[in-house]
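**Student:** Below you will find the structure I want to go over with you.
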Amino acid sequence: MDPLPQDKTPSRQIRADITEMAAKALVDKNIPLVEWGSQIQYRCGYPLILRLVEWAVPDALLSLASQTLSDRGIPCIPPSAEATAIYGQWERAGFVHSLDPVRSHRIFLYPLSLLDLTLQDTVEVTSTFDHTLRVLTPKPRMYMISLIRHLLNHPIGDSSRYHVESDLVGFISSYIFHDPPLNTKNDEVDDESEEDFQKRVEEAVRNIKTRDWGSTEEKYLTIAERVVRDCRSISQLSSCE
Numbered sequence: 003m004d005p006l007p008q009d010k011t012p013s014r015q016i017r018a019d020i021t022e023m024a025a026k027a028l029v030d031k032n033i034p035l036v037e038w039g040s041q042i043q044y045r046c047g048y049p050l051i052l053r054l055v056e057w058a059v060p061d062a063l064l065s066l067a068s069q070t071l072s073d074r075g076i077p078c079i080p081p082s083a084e085a086t087a088i089y090g091q092w093e094r095a096g097f098v099h100s101l102d103p104v105r106s107h108r109i110f111l112y113p114l115s116l117l118d119l120t121l122q123d124t125v126e127v128t129s130t131f132d133h134t135l136r137v138l139t140p141k142p143r144m145y146m147i148s149l150i151r152h153l154l155n156h157p158i159g160d161s162s163r164y165h166v167e168s169d170l171v172g173f174i175s176s177y178i179f180h181d182p183p184l185n186t187k188n189d190e191v192d193d194e195s196e197e198d199f200q201k202r203v204e205e206a207v208r209n210i211k212t213r214d215w216g217s218t219e220e221k222y223l224t225i226a227e228r229v230v231r232d233c234r235s236i237s238q239l240s241s242c243e
């Protein structure tokens, strides 16, 4: 799979100045930052407003990362009961910092182990928020495998799956299929024949198979092909009884 692009977030992003400051503070402390969630889709060209900024850091540096943000005036806040009911462990596993008084824009700091990734599974890129900073983003195949693993390891109906299922669908759409965002302004969806769509599916599957999956277990490649062919199967991915 090809590396992700390295565009800088445009100035229209809300609270971009504070997020830039937060990223710089963490990088200046030599804390490796690994992008996650909507930032991945943003790199793939989706014009998202990044209200929730998700970064993973090595487990041993998680508390230092949170304290660094607090020292910069970005307060740590308790998990939202409402969000916990929806997102499960993603709301509780690390630290949440608020970028505004009403808590509509937040930074999530996760332990890297939660993502089932290592720093070796990432590549260095220009920060989404500040082109002068270098951060890390998961290698595309490792990002996809990480999401698949999470779903396999959690039973259907578990609240932590919602976030991951959404991210996997977004990744397939933006990175693998290069789909344009929906024209929600006019409630329009581009018409595409079933034949044309199936051609794109076959091309996407061929692309996946020709990429270097390294020592990846064969089952992950098989699952990746299955969910690309039918994203509806994502909700049924689980190895749990």
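Residues in the sequence shown are numbered from 3 upward in steps of one, following this note's numbering.
Built from N, CA and C at the ideal position, the CB exists for glycine as well.
#1: If you measure between the beta carbons of V55 and I33, is that distance less than 8 angstroms?
#2: With a threshold of 16 other CB atoms inside 10 Å of the CB of Q238, please say whether the residue is buried or exposed.
#3: Where F110 and K221 are concerned, what is the direct C-alpha to C-alpha distance, given to the nearest angstrom?
#4: Considering only C-alpha positions, which residue in the set E219, F179, R228 and V229 is nearest to E205?
#5: By how many angstroms is the C-alpha of Y48 removed from the C-alpha of D169?
#6: One question on the structure: do I225 and I150 come within less than 8 angstroms of each other, judged by their Cβ atoms?
#7: Take S106 as the anchor and find which of D30, S195, R53 and Y177 has the nearest alpha-carbon.
#8: With three or more C-beta pairs closer than 8 angstroms as the rule, is the region 69-82 touching the region 17-30?
#9: Can W57 and V29 be called in contact, C-beta distance under 8 angstroms?
#10: Cα separation between M146 and I76?
#11: What residue range is occupied by the uninterrupted alpha helix (DSSP H) comprising F199?
#12: One question on the structure: do V229 and I210 come within less than 8 angstroms of each other, judged by their Cβ atoms?
#13: Give the list of continuous alpha helix (DSSP H) stretches no shorter than 4 residues that lie fully inside the region 41-105.
#14: Can D118 and P140 be called in contact, C-beta distance under 8 angstroms?
#15: With D252 and L138 assumed to form a contact (beta carbons below 8 angstroms), what rounded beta-carbon distance in angstroms separates them?
#16: Can you tell which of L101, T130, I79 and I20 has the C-alpha that lies nearest to the C-alpha of W38?
#17: Can you name the start and end residues of the alpha helix (DSSP H) that R231 belongs to?
#18: State the beta-bridge partners of Y112 as determined by DSSP.
#19: Please report the straight-line C-alpha distance between C78 and T120, rounded to a whole angstrom.
#20: What do you get for H99, buried or exposed, if any count of 16 or more other CB atoms within 10 angstroms of its CB means buried?
#21: Quick one: complete alpha helix (DSSP H) runs, 4+ long, within the region 129-160?
**Tutor:** Let's see:
#1: On the sequence shown, residue 55 is found 53 positions in, with the first residue counted as 1. On the sequence shown, residue 33 is found 31 positions in, with the first residue counted as 1. Cβ atoms of V55 and I33: not closer than 8 angstroms.
#2: The residue you call residue 238 lines up with position 236 of the sequence shown. Exposed, because fewer than 16 other Cβ atoms sit within 10 Å of the Cβ of Q238.
#3: Within the sequence shown, numbered from 1, the residue matching residue 110 stands at position 108. Within the sequence shown, numbered from 1, the residue matching residue 221 stands at position 219. Between F110 and K221, the C-alpha separation is close to 31 angstroms.
#4: Your numbering for residue 205 matches position 203 in the sequence shown. Measuring from the Cα of E205, the nearest candidate turns out to be F179.
#5: For the purposes of this step, residue 169 is identified with residue 167 of the sequence shown, where counting begins at 1. For the purposes of this step, residue 48 is identified with residue 46 of the sequence shown, where counting begins at 1. Each residue's alpha carbon lies about 13 angstroms from the other.
#6: In the sequence shown, counting from the first residue as 1, residue 225 sits at position 223. In the sequence shown, counting from the first residue as 1, residue 150 sits at position 148. A contact, by the Cβ cut-off of 8 angstroms.
#7: Taking the first residue of the sequence shown as 1, we reach residue 106 at position 104. Ranking the options by Cα distance to S106, first place goes to R53.
#8: yes
#9: Translated into positions along the sequence shown, residue 57 becomes position 55. Translated into positions along the sequence shown, residue 29 becomes position 27. The answer is no: Cβ separation not under 8 angstroms.
#10: What you label residue 146 is simply residue 144 of the sequence shown in a count that begins at 1. What you label residue 76 is simply residue 74 of the sequence shown in a count that begins at 1. If I take the Cα positions, the gap works out to 31 angstroms.
#11: Indexing the sequence shown from 1 puts residue 199 at position 197. That run of the alpha helix (DSSP H) goes E196 to T212.
#12: Locating residue 229 in the sequence shown gives position 227, where the first residue counts as 1. Locating residue 210 in the sequence shown gives position 208, where the first residue counts as 1. Their beta carbons are not under 8 angstroms apart, which means V229 does not touch I210 by this criterion.
#13: 64-73, 83-89 and 91-94
#14: Residue mapping note: residue 118 aligns to position 116 of the sequence shown, counting from 1. Residue mapping note: residue 140 aligns to position 138 of the sequence shown, counting from 1. Contact: no.
#15: This structure does not reach residue 252, given that the chain is present from 3 up to 243, and the question cannot be answered.
#16: Here the question's residue 38 lines up with position 36 in the sequence shown. Minimum Cα distance to W38 is reached at T130.
#17: Within the sequence shown, the letter at position 229 stands for residue 231. Its alpha helix (DSSP H) spans residues E220 to R231.
#18: Your numbering for residue 112 matches position 110 in the sequence shown. Partner(s): A58.
#19: Here residue 78 corresponds to residue number 76 of the sequence shown, with the count starting at 1. Here residue 120 corresponds to residue number 118 of the sequence shown, with the count starting at 1. Using only the alpha carbons, I get a separation of about 25 angstroms.
#20: The residue labelled residue 99 in the question sits at position 97 within the sequence shown. By the 10 Å Cβ count, H99 comes out buried.
#21: 142-154
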